[in-house]
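Quick notes on the structure that follows.
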Amino acid sequence: MQTGISIYPGLDNTPKENLQLIESAAKLGITRIFTSLHIPETDHSALKEEFSTIVQAARSHDMEIISDISPETLELLGMRHFSLSAFQFMGIHTLRIDYGYGAARVAELSRNTQNMRIQLNASTITGKFLTDLLQENANFDNIDALHNFYPREGTGLAEATLVRKTAMLHKAGISVGAFVPCHFRRRSPLRCGLPTLEMHRDFPLSLAARHLAAIGMDSIFIGDSLPSQGELETLAVIKENCVTMRAELSLHEPVQEDLLAHVFTARLDEARDAVRAQESRALLKEMGKDILPQNQKMRPYGAITLDNKDYGRYMGELQIIKHPQPADARVNVAALIPEEEQFLINYIIPGKKFSFHLDDE
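Here UniProt numbering is used: position 265 in the sequence shown is 265, and no number is missing along the way.
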């Protein structure tokens with residue numbers, strides 16, 4: 001999973017705050033920086049100087065700079081004509097092509113020999129455009145895609161749209177990223193968050209990012225200007241192509257907690273009533289421990305259960321309950337997935353990885 005931050009020179013943050021953000025992100029293993037060079041509210045007089053400082057800091061931490069461009073960008077930067085060499089000299093590694101460029105031009109840019117990557121707008125992509133790129137002999141190995149963020153409330157994408165567009169790009173072998181909002185400092189002028197999905201606008205950053213990972217995003221960026229240290233740390237530990245849910249422990253028992261800390265795979269033979277972990281019994285056997293009968297309560301939707309030693313060879317069977325079931329003396333209710341996170345269960349399809357963030361009750 002690639003992760004990134006967003007920095008907007010000439011807007012909101014002081015130069016010192018931007019440099020500190022880069023430093024903090026780099027220490028956590030965050031490797032990408034998205035920036036925009038054509039935001040109307042930007043202080044254009046400060047943009048060039050601040051951008052240069054940002055590039056120098058990013059270079060010192062080996063971080064990738066992604067910048068969206070449009071015909072207006074050239075004028076803003078005082079460039080007489082489009083030049084990959086000029087953008088590369090400025091320190092940009094990936095150009096996000098916004099409006100104003102057709103398939104033939106994008107394909108031509110993708111074949112550059114200057115090690116400059118080209119990024120598509122994933123939110124506006126069409127099947128025809130991808131077909132046209134193929135016909136124009138685009139170098140798909142040099143192309144990735146990033147969805148838009150949406151500053152105005154009510155304008156973010158529906159999940160179905162994101163899934164459809166992303167699947168289209170994945171089919172072409174193109175990796176895809178999207179944005180989540182932060183809450184520490186939201187970007188001006190609206191300060192309503194910068195999510196790709198409208199449903200994420202008021203989500204905690206952690207939940208929004210874990211949802212995008214569950215959907216299958218390849219990269220996740222914080223869209224807003226200044227995330228907190230905690231929000232950065234949350235992003236840095238997101239697992240790729242894995243459904244990760246908070247789990248409120250029902251009891252404190254070291255063996256069960258150690259087992260729940262693993263990453264699991266949903267069995268291919270999908271059960272009607274529960275998600276079943278493929279490897280939990282084998283993991284318990286490797287641990288050389290027993291699960292004693294405890295907390296054998298009714299199993300509601302979202303309960304995480306572990307079969308205890310009274311279930312014989314099923315001891316260690318881990319399930320996430322999809323249909324409520326009565327109490328069973330052979331089954332411990334080890335934890336509960338909070339209601340606001342239970343929608344993530346729907347993404348655990350056969351063969352999908354899943355894991356838990358363990359919370360104390």
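Ideal placement from N, C-alpha and C gives every residue a C-beta, glycine not left out.
- Fewer than three Cβ pairs drawn from the segment 310-319 and the segment 352-359 lie within less than 8 Å of each other, which leaves the two stretches out of contact.
- With respect to the 8 Å criterion, residue 289 and residue 255 are classified as neighbours on the basis of their beta carbons.
- Under the three-state reduction of DSSP output, residue 12 falls in the coil class, being neither helix nor strand.
- Ranked by Cα distance from residue 247, the options 115, 358 and 33 are led by 358.
- In the DSSP secondary-structure assignment, residue 275 is bridged to 320.
- Listed in chain order, the non-local C-beta contacts of residue 42 below 6 Å within the same chain comprise 10 and 11, local neighbours out to five positions each way being set aside.
- In this structure, residue 177 lies near residue 218, with their beta-carbon atoms less than 8 Å apart.
- One thing to note: residue 205 has its Cβ within 8 Å of the Cβ of residue 235.
- In this model, residue 222 and residue 30 are separated by some 11 Å (Cα to Cα).
- One thing to note: residue 69 has its Cβ within 8 Å of the Cβ of residue 98.
- DSSP places residue 233 in the helix class (H, G or I) of the three-state scheme.
- The alpha-carbon of residue 349 is positioned some 16 Å away from that of residue 210.
- For residue 294, there is no enclosing alpha helix (DSSP H), since its DSSP letter is neither H nor E.
- Segment contact: the segment 293-312 against the segment 223-234, fewer than three CB-CB distances shorter than 8 Å; contact not assigned.
- The beta-bridge partner set that DSSP reports for residue 177 consists of 146 and 219.
- In this structure residue 285 is exposed. Its beta-carbon is surrounded by fewer than 16 other beta-carbon atoms within 10 angstroms.
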